[in-house]
Amino acid sequence: MAGPATSDEPTEGASATLPEPVRDHLGQQLRAVFTADDGVPNYLGEPVVPEVFEPQIERLEVRLKTHEEGTDAVAQALDDILGDLAGPQTRTTPQH
Numbered sequence: 023m024a025g026p027a028t029s030d031e032p033t034e035g036a037s038a039t040l041p042e043p044v045r046d047h048l049g050q051q052l053r054a055v056f057t058a059d060d061g062v063p064n065y066l067g068e069p070v071v072p073e074v075f076e077p078q079i080e081r082l083e084v085r086l087k088t089h090e091e092g093t094d095a096v097a098q099a100l101d102d103i104l105g106d107l108a109g110p111q112t113r114t115t116p117q118h
């Protein structure tokens, strides 16, 4: 029993692309919404971040730097402790 074609079923002669006037209209609407003028960096590599986010980014950078330095300090302290526990007989001296 064949019923009327639904939107899910392709019809004969149906094109997979939109007509050119429709594409042009949608393109104009997208360009109006997504303007690229607001976020143009002054130089290559400059981050494009709104000024509103600067304080949060600075706090995050400080936290990341503190975490990295703390992790390095703990690793160094553990290496020193394990080296002291191992005693001088098992320590290897770097050969130059």
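Take the sequence shown: its position 84, counted from the start at 1, is 106 in the numbering used here, and no numbers get skipped.
Positions of the beta carbon are idealized from the N, C-alpha and C atoms, including for glycine.
A quick note: this is a predicted structure, and the numbers were derived from the prediction, not measured.
### Query
Taking the continuous alpha helix (DSSP H) assigned at G67, which residues delimit it?
Residue 67 sits at position 45 when you count from the first residue of the sequence shown. Counting along the chain, G67 falls outside any alpha helix (DSSP H), and DSSP gives it neither H nor E.
### Query
V71 and I79: beta carbons closer than 8 Å?
One-based indexing of the sequence shown puts residue 71 at position 49. One-based indexing of the sequence shown puts residue 79 at position 57. Yes.
### Query
In angstroms, rounded to a whole number, what distance separates the CA positions of M23 and D46?
Taking the sequence shown and counting its residues from 1, the one referred to as residue 23 is at position 1. Taking the sequence shown and counting its residues from 1, the one referred to as residue 46 is at position 24. Residue confidence for M23 is low, a pLDDT of 49 falling below 50, so the modelled location carries little weight; the figure read from the coordinates is stated next. Looking at the two C-alpha atoms, the distance is approximately 40 Å.
### Message
Which residue marks the beginning of the alpha helix (DSSP H) containing V74, and which one marks its end?
### Response
In the sequence shown, residue 74 corresponds to position 52, counting from 1. Unbroken run through V74: none, as it is neither H nor E.
### Message
Going by DSSP, what residue range makes up the alpha helix (DSSP H) through L54?
### Response
Start at 1 with the first residue of the sequence shown, and residue 54 comes out as number 32. Residue identity check: residue 54 is Ala in the sequence provided, not Leu. Unbroken alpha helix (DSSP H) run through A54: E42 to V55.
### Query
How big is the Cα-Cα spacing for V96 and R81?
Counting from one through the sequence shown, the residue named residue 96 turns up at place 74. Counting from one through the sequence shown, the residue named residue 81 turns up at place 59. Rounded to the nearest angstrom, the two C-alpha atoms are 22 Å apart.
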